[in-house]
Structures are given as C-alpha cells and as structure tokens.
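S.K.: Shown below is the structure under consideration.
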Amino acid sequence: MKNGLTTEWLDGVPRLGWVDRPTRVTSLPALARRLGLSYLGVKRDDECGPLMGGSKPRKLDYLLATPPWRDAPAWVSMGAIGSGHLVALAGAAERLSRSLHAHLFWEPLSAGVLDNLAFTAAHSARLSYHRSRAWLALSAPRLLVATEWAGAAVVPPGATCAPAMAGLVRAGLELADQVRAGELPEPERVYVPLGSGGTAAGLSWGFGLGGLRTVVHAVAVVERPLSPLPWLHSLQERLARWLASRGLTDVRLYRPVPVVIDRSQVGPGYGVATRASESACALLSREGLGLEPVYTGKAFAALQADAAGRDRAERALFWLTARRGPLRRPVGWRDKLPGPLTRRLDRALRGLHVVE
Ligand SMILES: Cc1ncc(COP(=O)(O)O)c(C=O)c1O
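Here it is as structure tokens:
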C-alpha cells in the first residue's frame, strides 16, 4: 500500500451525514480455504446507515445535500420494478418530506423484487409504468438526460452522477483507512456489481486516493451496450472534475485504480437470475449474509468462478452492496399501482404463487 489520503480529505464537501461510521469487514476464513484463497472478506454495506442499508445510502448522503436535489420539493427517477435505487430514494423522500415520482419498467419477478416494488409503491407520491426499459427511454428521455422535469429534480438512473459517486469515494477511502489500521490485508481485488457504474467508478477513485493498489473487479449485470468501458472512464473523469471544482484540486495528483469489467455473469440479461447467482446467494446465506440474485449474487458468482480458475486473486474482498432484508410489504401497496402494471403483475403471479 502506498501513502494516501484518509476520509477526512472529503470532510469539506457537504453531505447529510447519514453514513456516520465505517461498515465492518467480515472475514470468512473457512470459505476462503474452500475456495483456495489466502483471504476472503466481505465489506458489510448491508449494515450501512439508514434506508435499510446497502451502498445506495452512500450515494444519497452526498447527492441529496447538493443542489438542485437539496432544494427541490420533488424528485423524479426511474428504475426496474424491483429497483434498490428506488427503494432507497423513496425512503429518503419520506425521511426528508419530499415527493417522489417513480418511473418503473418491468423485470422478472422474485420475492425480493415484489418487496422492493411494494415499498416503492407505498412511499412514492406518483408511479408511472413503462412496459420495458427501451420503451421508458423512448417515452421519457428526460429521465436520462435532463436535470429537471416538470418542477422535479431528476435523479439519474442508479443515482449515478458526480456528487453521488463522492459517497463511494468516501467508501474507498474508508477501506484504505481499515487496511492501514490492520483490520484486513490489502485486497488484490474488490468484487462489485456493475449496473449504472457509479459504485465501481467511485470506488476506483477512493482506492486510488487512499493509496490502495486494489483492482476494482466490476461484474456487469447489464448488457454490454449499457456498460461500455468508455462510459466508466467518462464517469471517473466527471467525478475528478467535480471534486476539483469543490476545491479538492489535489485529486489531479492521484489516479483511480484500474477497473476490470467482467461480463461472464450477465446471463440472459438485466434482472434475470442465473443458476450461478442463485447458488452464490445460497452459499453466502449459510454464512449469515443476505445477497440477492440480480446484483450481488452475480458479483459473488464471478469471484467463485475466478477462484476456481487460473485468474485468481489470493486476497479478495466482496463488497456487499445490497440492502438488509427482508422488507415488510405495506398494507394496500397494490392499490397504488397503475392499471397496466397491476394487470401485468396479475398475469405473472398466476405462474408464481410461491412468492406472493
Ligand atoms: C444491490 C446493488 N448492487 C449494486 C448496484 C449497482 O451499482 P451501480 O448502479 O452504481 O453500478 C445496484 C444498483 O441498483 C444495486 O441495487
């Protein structure tokens, strides 16, 4: 590990203060031995602050303390019906007395997807339904490109934008502090899911600034055209510019650590669980850790596949980005769904009695 900065470096940047202490790192020595690794740790962002935890509160901690989101009475955003981002944002809207207009698109059902949909439906002021991701992009492009829509501040997909990524820079610096304090060995690789890219891009800067030599192993859960490498580089550059514009100009003396995009676990596509992701969820649930199969299950499946092959990292850290579960489904949540979504849900549930 090189000399680097600590989390204090970011202290001058306003945030809500919702993430008020480092999340712990749990070591899994028995599983490490089984996988043939010298070290396997889990960064417990499931225990992160408010909003049921997960890494999303880290993004919102900075984003919602920054104009225009800080001052807007209403926010509008998009996500899949089981989006963890919308759950966190709906929880934040309730906590900060804002109204949220959530634009939803379909994804395959599971118990976790229904839990998230129920929460988002119950805590959003308004819901709009689009039959697919592509349809949403065509019918509501402002959600992807604008900062304001009909009086509401637009929160980009996955909340990925420079101020939100600052929360992940802090997370990377936090890990560097923990390595320096001897809580874990410096990992060769950190495994994270790659959706909208903000988590991987933010961590890559946090590790670089903190002096870690760790590679960010970003496991794509979305299809290749939605997660190209140049996009990730542009996120890293935007983040550096934003930090410099906040007076943190010494960011230019540092570099982010490398990010490797692993596309081996996408399977049939976004939102679709694979056998490997289901089995990773089952394996870690025996260790008392709650994964879900759409993001974190795929990231851990990549770690397992690497450990079994020649391309292994001896010291691996798995970043548990998912929220704590399970959520209780609020009474009457289905009454809030738009008609077309209710009908699609009814059709899908006829084949899935187990999850309701
Ligand atoms: C559990 C979980 N992990 C990881 C991610 C991906 O993060 P990002 O969109 O910053 O790539 C998400 C995004 O919604 C998520 O819900």
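So that you can map any letter, position 176 of the sequence shown is 308 in the working numbering, and since no number is skipped, the others follow by simple counting.
Virtual Cβ for every residue (Gly too), placed ideally from N, Cα, C.
In terms of alpha-carbon separation, which member of A372, F450, R312 and E226 lies closest to L196?
M.R.: Here residue 196 corresponds to residue number 64 of the sequence shown, with the count starting at 1. For the residues A372, F450, R312 and E226, the minimum Cα distance to L196 belongs to E226.
S.K.: Which runs of the beta strand (DSSP E) spanning at least 3 residues fall entirely within the stretch 249 to 278, listed in chain order?
M.R.: 258 to 262
S.K.: Residues in the same chain with beta-carbon distance under 7 Å from L361, minus the five sequence neighbours each way, listed in chain order, please.
M.R.: As a first step, residue 361 is located in the sequence shown; it is residue number 229 there, counting from the start. Cβ within range, chain order: I393.
S.K.: Between R202 and the rest of its own chain, which residues show a CB-CB distance below 7 Å, the 5 nearest in sequence each way excluded?
M.R.: Within the sequence shown, numbered from 1, the residue matching residue 202 stands at position 70. Excluding positions up to five away in sequence, the list reads L196.
S.K.: In whole angstroms, give me the CA-to-CA distance for G334 and Q310.
M.R.: As a position in the sequence shown, residue 334 is number 202, starting the count at 1. As a position in the sequence shown, residue 310 is number 178, starting the count at 1. If you take the alpha carbons of G334 and Q310, they lie about 17 Å apart.
S.K.: Taking the alpha-carbon positions, what's the E410 to E424 distance?
M.R.: Taking the first residue of the sequence shown as position 1, residue 410 is located at position 278. Taking the first residue of the sequence shown as position 1, residue 424 is located at position 292. Each residue's alpha carbon lies about 8 Å from the other.
S.K.: Among residues of its own chain, excluding the 5 on either side of A254, which ones have a beta-carbon nearer than 7 Å to its beta-carbon?
M.R.: As a position in the sequence shown, residue 254 is number 122, starting the count at 1. If we look at A254 and ignore the five residues flanking it on each side, its Cβ neighbours are P462, W465 and K468.
S.K.: What residue does the beta strand (DSSP E) around W141 start on, and which one ends it?
M.R.: Numbered from 1 along the sequence shown, position 9 holds the residue referred to as residue 141. It is not in any beta strand (DSSP E) - W141 carries neither H nor E in the DSSP assignment.
S.K.: Since I believe P470 is in contact with L259 (beta carbons under 8 Å), could you give me their beta-carbon distance rounded to a whole number of angstroms?
M.R.: Your numbering for residue 259 matches position 127 in the sequence shown. Your numbering for residue 470 matches position 338 in the sequence shown. About 6 Å; that satisfies the 8 Å criterion.
S.K.: Measure the alpha-carbon distance for P146 versus P199 and round it to whole angstroms.
M.R.: The residue labelled residue 146 in the question sits at position 14 within the sequence shown. The residue labelled residue 199 in the question sits at position 67 within the sequence shown. Distance between the alpha carbons of P146 and P199 is about 11 Å.
S.K.: Measuring alpha carbon to alpha carbon, tell me which residue in A448, R312, K191 and R456 is nearest L169.
M.R.: Residue 169 sits at position 37 when you count from the first residue of the sequence shown. Nearest option by C-alpha distance: A448.
S.K.: According to DSSP, is V336 part of a helix, a strand, or is it coil?
M.R.: Indexing the sequence shown from 1 puts residue 336 at position 204. Note on residue identity: the sequence assigns Ser, not Val, to residue 336. Per DSSP, reduced to three states, the secondary structure at S336 is helical.
S.K.: Put E465 into one of helix, strand or coil per three-state DSSP.
M.R.: The residue labelled residue 465 in the question sits at position 333 within the sequence shown. Residue identity check: residue 465 is Trp in the sequence provided, not Glu. In the displayed model, W465 falls within a helix according to three-state DSSP.
S.K.: Could I get the ranges of all uninterrupted beta strand (DSSP E) runs contained in the stretch 138 to 193, with 3 residues as the minimum, in chain order?
M.R.: Taken in chain order, the whole beta strand (DSSP E) runs of length 3 or more contained in the stretch 138 to 193 are 157 to 159 and 171 to 175.
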